[in-house]
Amino acid sequence: MQIIQEKSPHIRRKDSVASMMGDVCIALIPVIIYSLVVYKLFALRNILLSVAVMELCEFIFVLIQNRIPYDGEKHSLKENLQKGVQAYHRENFLAPLVSALIFALIMPVETSPAGIYWVSMIAGGIFGMVIGKLVFGGLGQNIFNPAAVGMVFSKLCFSSYTVTTDPFGSTDAFASSGIGDSIIASSTSLSNISMADKVVNLSNYSLLELFLGQTPGLMGEACKLVLLLSLVYLIVRHTIDWRITLSYVGAFAILMLFSGIVISVTSTGHAKAIVNPFYFMTYQLLSGGLLFGAIFMATDPVTSPITKPGRVLYGVILAICTALIRLFGSYPEGVVFSILIGNLLTPMIDYYKWSGNKWNWKKIVLTASVFIVGLLIIIWALSVQWGCSK
Amino acid sequence: MIKKTTKIHGNVHLTGSKPTLQAPVPPYIYLATANTRCPKIDIYVKPGDHVNMGQVIGMRQAAFFTQPVHSTVSGTYEGLEKHYHRSGKCVDFLKIKNDFKDTMDSSIVERTDEQVKALSHDEMTEIIKNCACVGLGGSSFPTYIKFQTKNKIKTILIDGIECEPYVSADKKIMIERTDLVLKGIEYLLWAFDCHDARICFKKKHSDLIHVFQNALGNPEYKDFNITVCTVKDFYPQGWEIAMIKSALGIDVPSGHLPSEFGVFNVNVSTVWGIYLALKFNMPVFERMVTINGEGVNAPANFNVRIGSPLKPLIDKCGGYKNPEIPKKIILGGPMMGASITTDDCILTKTVTSIIILDYHQIDATSCVRCGSCILSCPVGLQPVTIMKTMQSMPVDKAKIKALNPMKCIGCGLCSYSCTSNINVKEFVERAKIIQRLP
């Protein structure tokens, strides 16, 4: 009988990266079902296209990475391929699957003309996967969230072709499945709020409509009910760290509460906006991709900090960036951008000279001061904006 | 899973409820010339000499202490032989042929309780030193050095926590030798002139708590303030600092000794060893060893003569189960124990258990920075950061020093909880070596 020596510990917890990725996929299922029900074939086309593009990128990457190293002999292509296929594991399938599903769910549903859609989806998918992940060395090495990178690339390149579809506005036209007919340009819940134009129009959609996703918007982020279901599943399965989600959403809610107060206090003259701060806060929380981003994208372990205080700080930074972009940026939505900015700051948060897993007064002061500085910037900018006579 | 590991799932039940078996005394016993703490030895006997049970046949030399080696059988000394020590090294062993008479050495004399009570603290220290009493929980730290403390001891904590999964040796000692353990605690209280002893149990060991509460109801122990203290069920509760924290609420900073805070902590098996030393002036001849794991047919607890080879014990357990599957033989618990390359191994005083597991290849995937190791680390290290630093070339020594891997207690939780199945502990161990470099 063979006796094998091994370093301790000799027993391991029963989990793996693949099971974690699988859990994220399972959590995405309700979101996918919702989008399939609402957007039907469009959603199916988006998801399949994005999955195909990203899986192909990863597969080619695995083949390139695992080719036979030069050893003086010629190897046939078949041998090289065989070696690559052997190195293709479950994680190599599941990791791009998660990225692809998220990418498909945060991309615009339709473009005009429709042909551009294919370009933006394929280009965005390749860019997100290759530049966002594979050039860094694949799973676990990337700095940015691949889905976010791809989405931002498409958004910046093809944004003039994007149209917002409203499947609830005129269901008949949408159901008739002719692509040209189904495009109904309408405004999303967030484009009704513009600080620069001093427009706060919260009456287009009720909070219930926002909660149930009966608004135009992106596929994944519309229905908050299914997102909460996914959140519960992910937290029960310990697949995401609740600290990021909680600090992101919590800090964002407080920032928006104060913004609402500032708007209602400082607005004067004909631009007088009568805003209930709590209604404003809830409206902001339920619109756009905030919950989707906080649940599925910000919590990506690879691109988020690793310590407990770092994760809370990360959530706070994301919340400030999102609030700034939403309130003052030219894009109505800022979740994806702020996640990329947060990813950029992750190595700095994790820097060994100040990172640590225990909360001490330094870390509490740091987190609190980051939050207060963000809050002050927002209050200042809002009071200047709404206080001026123009 | 991004989760703090608190419990290790193992099956103590395989052996915990079975009666303890008496292992046969082997025809030859082997005593190590070197162990992890003592690298050298002076041998006092020549091959062919007759030795008695309990006779000092050598003196192990360490950096700042010496440790006598007692023969655990009576018979003839036959010279040195190479075998594997529990640390995994192949060292010389003193080979003694057993004559099965168990003739006791003249130094072994029974003291009455009054005599024990009359002993001064220094005398007790001397007795414990001469009986080579060491930490039998696995640390093999000489007990007399702990005894020498000049600090006033206010509380004596007895570790009956049985931290590692699969192991139930301490539990069996406590159930089967309750009175001896309590007597030992009594002696300790005399030794330190202290009036507070607490026996710590995990909450889940309700049977043990019951046994001890019954025993302490005995009028014999009324005068001593021995209490049962239940602590939370998590790993590594057996780590002395975690135990002191949960039992007394005292936070002992790393680099300080518990005695500075008036705490003397000791394992139950060691209490039993101290009892033997003070009562009979006798070293530990036998110890309780758990043989467990999915690799043996009949797991059980054994009373083993120290110095017995391992192979006959495994045969006593019905041999290996499924011999076609490769096995891991672990001396100590599955979390911290060392795995050995051969079953030609000798059981020393500090082997608490032998765990035989089926070997399964573990494929590590790349780290996804889930942070489970950081959440689980009981001393607040960042194992993943240490690992990433060790993987980069050249290793940044300043960074390693700042991350301070010397704080690591080697509990193995980082590797246990790793989502990617990376053996993170191995990297931390290597980082310790780097940190020790000038």
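Just so you know, the sequences run in chain order C and X. Count along the first sequence starting at 1, add 61, and that's the number in this note's numbering. Count along the second sequence starting at 1, add 118, and that's the number in this note's numbering. Glycine included, every Cβ here is placed at the ideal spot set by N, Cα and C.
Within 10 Å of its beta-carbon, does residue i have 16 or more other beta-carbons around it, so buried, or fewer, so exposed?
i: HIS168 of chain X; result: exposed
i: GLN140 of chain X; result: exposed
i: GLY367 of chain X; result: exposed
i: ASP481 of chain X; result: exposed
i: HIS71 of chain C; result: buried
i: THR230 of chain X; result: exposed
i: TYR340 of chain C; result: exposed
i: PHE205 of chain C; result: buried
i: ILE540 of chain X; result: buried
i: ASN332 of chain X; result: exposed
Return yes when the Cβ of residue j is within less than 8 Å of the Cβ of residue i, no when it is not.
i: LYS445 of chain X; j: TYR477 of chain X; result: yes
i: VAL407 of chain X; j: LEU499 of chain X; result: no
i: VAL174 of chain X; j: ASP288 of chain X; result: no
i: LEU162 of chain C; j: ILE108 of chain C; result: yes
i: VAL123 of chain C; j: GLY145 of chain C; result: yes
i: MET119 of chain X; j: SER490 of chain X; result: yes
i: PHE330 of chain X; j: THR296 of chain X; result: yes
i: LEU200 of chain C; j: GLY83 of chain C; result: no
i: ASN399 of chain X; j: TYR284 of chain X; result: no
i: PHE382 of chain X; j: ILE274 of chain X; result: yes
i: LEU531 of chain X; j: TYR353 of chain X; result: yes
i: ASP220 of chain X; j: VAL187 of chain X; result: no
i: LEU436 of chain C; j: PHE319 of chain C; result: yes
i: LYS525 of chain X; j: SER364 of chain X; result: no
i: VAL628 of chain X; j: ILE303 of chain X; result: Given that chain X is displayed from residue 119 to residue 556, the structure contains no residue 628 of chain X and the question cannot be resolved.
i: SER416 of chain C; j: GLY376 of chain C; result: no
i: SER471 of chain X; j: GLY437 of chain X; result: no
i: GLN469 of chain X; j: CYS435 of chain X; result: Reading off the sequence shown, one finds Val at residue 469 of chain X, where the question assumed Gln. Contact: no.
i: GLY206 of chain X; j: ILE447 of chain X; result: no
i: LEU316 of chain C; j: ILE381 of chain C; result: yes
If you follow the alpha helix (DSSP H) that residue i is part of, which residue opens it and which one closes it?
i: GLN553 of chain X; result: 542 to 554
i: ARG304 of chain C; result: 303 to 327
i: GLY448 of chain C; result: 422 to 448
i: VAL486 of chain X; result: Note, VAL486 of chain X: premise wrong, no alpha helix (DSSP H); not H, not E.
i: ILE125 of chain C; result: 102 to 126
What separation, rounded to the nearest whole angstrom, lies between the Cα atoms of residue i and residue j?
i: GLY350 of chain C; j: TRP179 of chain C; result: 23 Å
i: LEU89 of chain C; j: GLU294 of chain X; result: 55 Å
i: VAL114 of chain C; j: SER181 of chain C; result: 12 Å
i: MET222 of chain X; j: THR194 of chain X; result: 14 Å
i: SER510 of chain X; j: LYS369 of chain C; result: 24 Å
i: VAL97 of chain C; j: VAL261 of chain C; result: A small fix is needed here, since residue 97 of chain C is Leu in this sequence, not Val. Going from the Cα of LEU97 of chain C to the Cα of VAL261 of chain C covers about 32 Å.
i: ASP277 of chain X; j: HIS203 of chain X; result: 26 Å
i: PHE164 of chain C; j: ALA355 of chain C; result: 15 Å
i: ALA234 of chain C; j: PHE219 of chain C; result: Caution applies to ALA234 of chain C, whose pLDDT of 36 falls short of 50 and renders its modelled position unreliable; the model cannot decide the point.
i: VAL431 of chain C; j: THR360 of chain C; result: 20 Å
i: CYS208 of chain X; j: THR151 of chain X; result: 11 Å
i: LEU326 of chain X; j: PRO427 of chain X; result: 31 Å
i: ALA79 of chain C; j: LEU290 of chain C; result: 21 Å
i: ILE245 of chain C; j: MET280 of chain C; result: Low confidence applies here, because ILE245 of chain C scores a pLDDT of 39, under 50, leaving its location unreliable; read the following figure in that light. About 15 Å.
i: MET361 of chain X; j: GLY455 of chain X; result: 20 Å
i: ALA283 of chain C; j: LEU166 of chain C; result: 10 Å
i: SER215 of chain C; j: ILE367 of chain C; result: 29 Å
i: ASN453 of chain C; j: LEU388 of chain C; result: Chain C is shown from 62 up to 451; residue 453 of chain C falls before or after that span and cannot be answered.
i: HIS150 of chain C; j: TYR309 of chain C; result: 33 Å
i: ILE192 of chain C; j: LEU405 of chain C; result: 15 Å
i: VAL402 of chain X; j: ILE129 of chain C; result: 59 Å
Starting from residue i, trace the beta strand (DSSP E) both ways and give me its first and last residue.
i: HIS561 of chain X; result: No answer is possible for residue 561 of chain X: it lies beyond the span of chain X, which begins at 119 and ends at 556.
i: MET361 of chain X; result: That residue, MET361 of chain X, is in no beta strand (DSSP E); its alpha helix (DSSP H) goes 358 to 366.
i: MET406 of chain X; result: 404 to 410
i: SER471 of chain X; result: 471 to 476
i: CYS176 of chain X; result: Rather than Cys, the amino acid found at residue 176 of chain X in this sequence is Gly. Where GLY176 of chain X is concerned, the enclosing beta strand (DSSP E) stretches over 174 to 179.
i: ARG298 of chain C; result: Looking at the DSSP string, ARG298 of chain C is not in any beta strand (DSSP E), and its letter there is neither H nor E.
i: ALA380 of chain C; result: Run containing ALA380 of chain C: none in the beta strand (DSSP E); it sits in the alpha helix (DSSP H), 369 to 389.
i: TYR146 of chain X; result: 146 to 150
i: ILE518 of chain X; result: Note, ILE518 of chain X: premise wrong, no beta strand (DSSP E); alpha helix (DSSP H) at 515 to 521.
request  = Run through the segment 238 to 316 of chain X for me and flag every whole beta strand (DSSP E) of 3 or more residues, listed as ranges in chain order.
outcome  = If only complete runs of 3 or more residues are kept, the segment 238 to 316 of chain X shows the beta strand (DSSP E) at 273 to 277, in order along the chain.
request  = Any chance you could list the alpha helix (DSSP H) runs of at least 4 consecutive residues sitting entirely within the segment 182 to 236 of chain X, in chain order?
outcome  = Qualifying alpha helix (DSSP H) stretches, in chain order: 231 to 236.
ask   = Which whole runs of the alpha helix (DSSP H) in the segment 378 to 439 of chain X are 4 residues long or more, in chain order?
value = Listed in chain order, the complete alpha helix (DSSP H) runs (minimum 4 residues) inside the segment 378 to 439 of chain X are 386 to 398 and 429 to 434.
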